[in-house]
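Read left to right, the sequence shown gives residues 2 to 307 (the working numbering). In what follows, a single structure is set out as structure tokens and then discussed.
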Amino acid sequence: MSCAVRRMKLKAWAYGWRSACWLMALKQCWRGFFVLKAPVARSRIPMNELAGLNVLIFRAPRTDDPLSAGLIARGASVHSLPVQKIIEYSEPRCLADNLGSQKQGAGDYHKAIFVSRRAALLALSTFGKAREVVKATSQCFAVGPTTASVLKDQGFAVGYPDKGSNSEGLLALAELQQVDGEHIIIFRGRGGRELLGQTLRERGARVDYCELYQRQLDVSNRQKIIDQLQSDTRSVLLAHSVEILLGILALLGSEHKHLVLDSPLVVPGERLAERGRALGFKQLIVANSALADALERALLDWYTQA
2 MSCAVRRMKL KAWAYGWRSA CWLMALKQCW RGFFVLKAPV ARSRIPMNEL
52 AGLNVLIFRA PRTDDPLSAG LIARGASVHS LPVQKIIEYS EPRCLADNLG
102 SQKQGAGDYH KAIFVSRRAA LLALSTFGKA REVVKATSQC FAVGPTTASV
152 LKDQGFAVGY PDKGSNSEGL LALAELQQVD GEHIIIFRGR GGRELLGQTL
202 RERGARVDYC ELYQRQLDVS NRQKIIDQLQ SDTRSVLLAH SVEILLGILA
252 LLGSEHKHLV LDSPLVVPGE RLAERGRALG FKQLIVANSA LADALERALL
302 DWYTQA
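Below, the structure written as structure tokens:
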């Protein structure tokens, strides 16, 4: 065999070998690309940022509480220790015009406002006359998305503030600016804030309150709260309203109130934080709103930086 032929065969063999290596390398690179780009399953991501922390929640418990679920998923121990119990009325108590009177018809209201999730639930599911009012009202409003979801589930269109799940947020809505001559009903619990109704009256509206429930001090969890705060575990308090803060202090009394005043306290919004400071709470953690995500984020930021 001539030297020229041998060189030709060698070149063909070398060319084939290089091609195979190139294809194998490309295959490995292609496979690696997909491995790197594949999403990591959420369930495999450790969520234990709040491990070792006890969170004491003082509002009335809920069966579908996203806040408790989120905190537990992040490793916290959540203790539901309500300091108030809810007493539902057998009939709605409406200030000014009574819903059952002949003078007040179901279609006489221009707007209906719900200031709590419980008020929406009771108005739509328990009291038939209240539901008639809501159905006949041209516009419905809720204090926040949690309350609004109750009305949406019942097929009602509802407006609510994107920011600030409180009276201030409601009053900032464009639909509640020009209300001169309108008749508005507010569904709430007994003894709620007067800011919403007072401001709407100042804007020219006629306002009625419909009270569906009241809160009473619940003494059943007093010793559990004391035991938890006296333990060696790290605890943080979470309160959603001024009424809850007052309830905690009334429940523990002068002998044990230092236990809560010295503990870190999570509250939704600066208004409630100011009231907390005035009552003597020393460590305030302020969330942007009362939504579960906002409270969870505020607690997470505080705990991971502490």
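All C-beta atoms, glycine included, are put in the ideal place defined by N, C-alpha and C. Here the structure is a predicted model, which means the values were calculated and not measured.
query: Can you give the Cα-Cα distance for I88 and A299, rounded to whole angstroms?; result: 31 Å
query: Looking at the structure shown, is K283 part of a helix, part of a strand, or coil, going by DSSP?; result: coil
query: Thinking C-alpha only, which one of L171, I249, S290 is nearest R223?; result: I249
query: Of all the CB atoms in chain B, is at least one closer than 7 Å to the CB of N167?; result: Of the protein chains in the structure, only one exists, and it is not chain B.
query: For A113, which residues of its own chain have a beta-carbon under 6 Å away from its beta-carbon, when the five flanking residues on both sides are left out?; result: V135, T138, C141, I186
query: Buried or exposed for E297, going by 16 or more other Cβ atoms inside 10 Å?; result: buried
query: Please work out which residues of its chain come closer than 7 Å, Cβ to Cβ, to V243, disregarding the five sequence neighbours upstream and downstream, and give them in chain order.; result: L273, R276
query: Measure from the alpha carbon of A295 to the alpha carbon of each residue in G182, K164, L125, E50, then state which is nearest.; result: K164
query: Which residue's Cα is closest to the Cα of G129: Y110, V116, P93, H111?; result: P93
query: Of the choices V237, R216, S232, P62, whose alpha-carbon is the least far from that of F282?; result: V237
query: To the nearest angstrom, report how far apart A143 and L262 are at their CA atoms.; result: 32 Å
query: Report the option in A149, H111, L51 whose CA atom is closest to the CA atom of G182.; result: H111
query: Please report the residue range of the alpha helix (DSSP H) in which D302 lies.; result: 293 to 306
query: Express the C-alpha separation of D233 and G254 in angstroms, rounding to a whole number.; result: 22 Å
query: How about L239 and I58: are their beta carbons less than 7 Å apart?; result: yes
query: Report the three-state DSSP secondary structure of S80 (helix, strand or coil).; result: A small correction: the amino acid at residue 80 is His; Ser does not occupy that position in the sequence shown. Note: H80 maps to strand in three-state DSSP.
query: Does the Cβ-Cβ distance between G190 and Q215 come in under 7 Å?; result: yes
query: Does DSSP put E50 in a helix, in a strand, or in coil?; result: coil
query: Report the residue ranges of all beta strand (DSSP E) runs contained in full by the stretch 234 to 265; include only those spanning at least 3 residues, in chain order.; result: 235 to 239
query: Please state the DSSP three-state secondary structure of V180.; result: coil
query: Mind checking which residues open and close the alpha helix (DSSP H) that includes P67?; result: 67 to 74
query: Does DSSP put A164 in a helix, in a strand, or in coil?; result: Looking at the sequence provided, one finds Lys at residue 164 rather than Ala. DSSP places K164 in coil when its eight states are reduced to three.
query: Enumerate in chain order the residues of its own chain whose CB-to-CB distance from K258 is below 6 Å, with the five nearest sequence positions on each side excluded.; result: L250
query: Please tell me whether V84 and L252 are closer than 7 Å, where the distance is taken between their beta carbons.; result: yes
query: Consult DSSP for P62 and reduce its assignment to one of helix, strand or coil.; result: coil
query: Just to confirm the assignment, what range does the alpha helix (DSSP H) spanning Q231 have?; result: 223 to 231
query: To the nearest angstrom, report how far apart S264 and A291 are at their CA atoms.; result: 20 Å
query: Who are the near neighbours of E50 in its chain, counting only those whose CB is closer than 8 Å to its CB and skipping five residues on each side?; result: R75, G76, L301, Y304, T305
query: Pull up the distance between the alpha-carbon of D154 and that of P162, whole angstroms please.; result: 18 Å
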